[in-house]
Each structure stands twice: as structure tokens, then as C-alpha cells.
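Q:
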Amino acid sequence: MTPDPARLPRHVAIIMDGNGRWATARGLERLEGHRKGADSVRDVTRAAREVGLQALTLYAFSTQNWSRPPDEVLGLMQLLLEFVQKERAEIMDNGIRLRTVGEIAKLPDFVRDPLLELCAASAGNQGMILTLALSYGGRESLVEAARTLCAAAVAGKLRPEQIDEETLDRTLWTSGLPPLDLLIRTSGEQRLSNFLLWESAYAELWFTDVAWPDFDRTHLYAALDDYARRERRFGKTSAQLRESPT
Numbered sequence: 007m008t009p010d011p012a013r014l015p016r017h018v019a020i021i022m023d024g025n026g027r028w029a030t031a032r033g034l035e036r037l038e039g040h041r042k043g044a045d046s047v048r049d050v051t052r053a054a055r056e057v058g059l060q061a062l063t064l065y066a067f068s069t070q071n072w073s074r075p076p077d078e079v080l081g082l083m084q085l086l087l088e089f090v091q092k093e094r095a096e097i098m099d100n101g102i103r104l105r106t107v108g109e110i111a112k113l114p115d116f117v118r119d120p121l122l123e124l125c126a127a128s129a130g131n132q133g134m135i136l137t138l139a140l141s142y143g144g145r146e147s148l149v150e151a152a153r154t155l156c157a158a159a160v161a162g163k164l165r166p167e168q169i170d171e172e173t174l175d176r177t178l179w180t181s182g183l184p185p186l187d188l189l190i191r192t193s194g195e196q197r198l199s200n201f202l203l204w205e206s207a208y209a210e211l212w213f214t215d216v217a218w219p220d221f222d223r224t225h226l227y228a229a230l231d232d233y234a235r236r237e238r239r240f241g242k243t244s245a246q247l248r249e250s251p252t
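What follows is the structure in C-alpha cells.
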């Protein structure tokens, strides 16, 4: 059963956790878990577009993931390249706008260049925004924003008293995305793991024991259905919301 379009979140983010453990439990190499997880990315992205989400952000590779074994990191980069090559037609044909957030300059040339080319080619698309968080960290994003604002202040382009939540929000890597309404994490862990720390301030959180390689559109629908039943108060009382639903 597909979710109620009137109760959809604008922006959903997913911490795609459990690929390695899924593979290990089956006696497979960890990279096979990541490869199977790529199928889940494809199915969930299609489902998100079909139900009408404005934006979907996927935590694909964290800043801390660079410390993993070199062969696993290289394998992940190769899988990312395969995704860019295989999904190009579907992204363009369905009007999806591909974006990235994170320290993209750290990615190897062989994947960074085609990735950025597809982002540029899809920049004018008007459908769902698909954002890949790559070499991404929430703390790192905040540090980079602080540096940018400090540099603007030193240059006389910005006074300290002009810095407010909106100013900082516009300086983050996620600038231009709709507010984050729902954050999903798979594989049983219940923490943010340095993902969208600022953006998650009022996001609804949804956790599942299902490992990412086994996560499909039915699980996404379950998360969206649960979200639709929640009351989002943003500091107000239930009575206030009934008096002024907007």
C-alpha cells in the first residue's frame, strides 16, 4: 500500500547501515553486501520518486569511512562509479536532479569526474532531488560553514550580529534542500553517526532492524506511513496545533 500523498515528508534521509554485517552473516566478502545494497538504492530511489518525495538524501560514504581497509574503500568507489554509469539514463529520463554533499574533492578522479558531470547534466531537472552524501560528516559540514562565515566577517562582508540560523543554514553543504522531515536508519543501530546533525534538529527518526541490503520499497512505505501518523509540534502544544493547523 502506497503512502498518502497529502501526508508525505518533503525530505527523507537514510543512513544505509548493515551492508558489511549482512555479507559476513552469509559468509560473503563485505563488498558483496555493498553490491547488494546498491540494488536497494535503486529500488528505494524509484519508490521515492514514484510516491512524490521532493528530496531523498542517502548517506553513502562518511568522512570516517576513509579509515576502512583500502581494498574495501576502492571497491566502494568502483560501485559508486557503476551507479553513476548505470543509473544515468534513469536519472535523466525521470527528471531527477542529482546532488552531492561532502568533501567531494577527496574522491578519486575516476569516480569524481563522471559523478560531477552527471550532477551538472541533471542540474536543470525539475523532479525529485537525489543527494548522495559522500566523504560527508555533519561536524565537518558545520566546521566548513563556520570557516566560510568567519572569512566573510574578516573580509567585512558580514557582521557577527548578522549571523543567525538562516545564515548558517544557507552556508551548509545541504543549502537549497527542503527541510529534513524524516531520517531513517537501517540495521538496528539507533544513532546519527555524524549525519545531518544540524538538519536533524526537528526531523522525525525511524529505526528498523532490517539491514540495508534487505531494505526495499515496502520498508520505505512503512516508514512513510508511520511518519504520517505522528504529530509534529515544533515546540508547540497539541492544543495550539488544533487551533492553528498551519
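17 is the number that this note's numbering gives to position 11 of the sequence shown; each next residue is one higher, with no gaps. Glycine included, every Cβ here is placed at the ideal spot set by N, Cα and C.
(1) To the nearest angstrom, report how far apart ASP232 and GLU171 are at their CA atoms.
(2) Using the C-alpha atoms, what's the distance from HIS40 back to SER193?
(3) Measuring only the C-alpha atoms, how far is ALA61 from ALA229?
(4) So the beta strand (DSSP E) ILE97 belongs to, where does it begin and stop?
(5) If you draw a straight line from the C-alpha of LEU64 to the C-alpha of ASP45, how long is it?
(6) If you pair each beta-carbon of the stretch 112-124 with each one of the stretch 145-162, do three or more pairs fall below 8 Å?
(7) Tell me which same chain residues have a C-beta within less than 6 Å of the C-beta of PHE116, skipping the five on either side of it?
(8) Is TRP72 buried or exposed, if buried means 16 or more other CB atoms sit within 10 Å of its CB?
(9) Is the separation between the beta-carbon of LEU174 and that of GLU210 shorter than 7 Å?
(10) Taking DSSP's pairing of strands, which residues face TYR142 in a bridge?
(11) Using only CA atoms, which one of GLU35, ALA159 and ALA53 lies nearest to HIS225?
(12) Just tell me which of ARG13, LEU14 and ASP23 has its CA closest to the CA of SER215.
(13) For LYS42 and PHE89, I'd like the C-alpha separation in whole angstroms.
(14) Using CA coordinates, which residue listed in GLU78, ILE135, GLY81 and TRP204 is at the minimum distance from LEU59?
(15) Out of ASP10, GLU56 and LEU14, state which residue places its alpha-carbon closest to the alpha-carbon of PRO185.
(16) Per DSSP, THR63 forms a beta bridge with which residues?
(17) For ALA66, which of LEU85, ARG55 and ALA95 has the nearest alpha-carbon?
(18) As a quick exercise: from LEU203, GLY182, ASN200 and SER141, pick the residue whose alpha carbon is nearest that of ARG16.
(19) Note down, in chain order, each residue of its chain lying with its Cβ closer than 8 Å to the Cβ of VAL107, except the 5 sequence neighbours on either side.
(20) List the endpoints of the continuous alpha helix (DSSP H) containing TRP256.
(21) Which word fits ARG36, buried or exposed, when buried means at least 16 other C-beta atoms lie within 10 angstroms of its C-beta?
(22) DSSP on ARG153, reduced to helix/strand/coil?
(23) In chain order, what residues of the same chain have a beta carbon less than 7 Å from the beta carbon of LYS112, not counting five sequence neighbours either side?
A: A quick look at the data gives this:
(1) The sequence position of residue 232 within the sequence shown is 226, counting from 1. The sequence position of residue 171 within the sequence shown is 165, counting from 1. Rounded to whole angstroms, ASP232 to GLU171 spans 29 Å at the Cα level.
(2) Mapped onto the sequence shown, residue 193 falls at position 187. Mapped onto the sequence shown, residue 40 falls at position 34. SER193 and HIS40: Cα-Cα distance of roughly 13 Å.
(3) Translated into positions along the sequence shown, residue 61 becomes position 55. Translated into positions along the sequence shown, residue 229 becomes position 223. About 15 Å.
(4) Translated into positions along the sequence shown, residue 97 becomes position 91. First-last for ILE97: 76-99, but that is the alpha helix (DSSP H), not the beta strand (DSSP E).
(5) One-based indexing of the sequence shown puts residue 64 at position 58. One-based indexing of the sequence shown puts residue 45 at position 39. If I take the Cα positions, the gap works out to 14 Å.
(6) no
(7) On the sequence shown, position 110 is the one that residue 116 refers to. Counting only Cβ-Cβ distances below 6 Å, and skipping sequence neighbours, we find nothing.
(8) Taking the sequence shown and counting its residues from 1, one reaches residue 72 at position 66. Exposed, since its Cβ has fewer than 16 Cβ neighbours within 10 Å.
(9) In the sequence shown, the residue the question calls residue 174 occupies position 168. In the sequence shown, the residue the question calls residue 210 occupies position 204. It is not a contact, given that the beta carbons lie outside the stated cut-off.
(10) Here residue 142 refers to the residue found at position 136 when the sequence shown is read from its first residue. According to DSSP, which records beta bridges pairwise, TYR142 is partnered with SER68.
(11) Taking the first residue of the sequence shown as 1, we reach residue 225 at position 219. Among GLU35, ALA159 and ALA53, the Cα nearest to that of HIS225 belongs to ALA53.
(12) As a first step, residue 215 must be located in the sequence shown, where it is residue number 209. It should be noted that the sequence gives Asp, not Ser, for residue 215. Closest option to ASP215, Cα to Cα, is ASP23.
(13) As a first step, residue 42 must be located in the sequence shown, where it is residue number 36. As a first step, residue 89 must be located in the sequence shown, where it is residue number 83. Near 12 Å, if we compare the C-alpha coordinates of PHE89 and LYS42.
(14) On the sequence shown, residue 59 is found 53 positions in, with the first residue counted as 1. Closest by alpha carbon: ILE135.
(15) Translated into the one-based positions of the sequence shown, residue 185 becomes position 179. Considering only alpha carbons, the answer is LEU14.
(16) For this step, residue 63 is matched to residue 57 along the sequence shown. According to DSSP, THR63 bridges with ALA19 and THR137.
(17) The residue given as residue 66 occupies position 60 in the sequence shown. Residue LEU85 is the option with its Cα nearest to ALA66.
(18) The residue you call residue 16 lines up with position 10 of the sequence shown. The residue with the shortest Cα to Cα distance from ARG16 is GLY182.
(19) If you number the sequence shown from 1, residue 107 lands on position 101. Contacts found: THR63, THR137, LEU138, ALA139, LEU140, TYR142, SER147, TRP179 and THR180.
(20) Residue 256 cannot be examined here, being either before or after the span of the chain that is shown, 7 to 252.
(21) Locating residue 36 in the sequence shown gives position 30, where the first residue counts as 1. With 16 or more Cβ atoms within 10 Å of its Cβ, ARG36 is classed as buried.
(22) Position 147 of the sequence shown, counted from the first residue, corresponds to residue 153. In this structure, ARG153 counts as helix in the three-state DSSP scheme.
(23) For the purposes of this step, residue 112 is taken as the residue at position 106 of the sequence shown. Result list for LYS112: SER141, in chain order.
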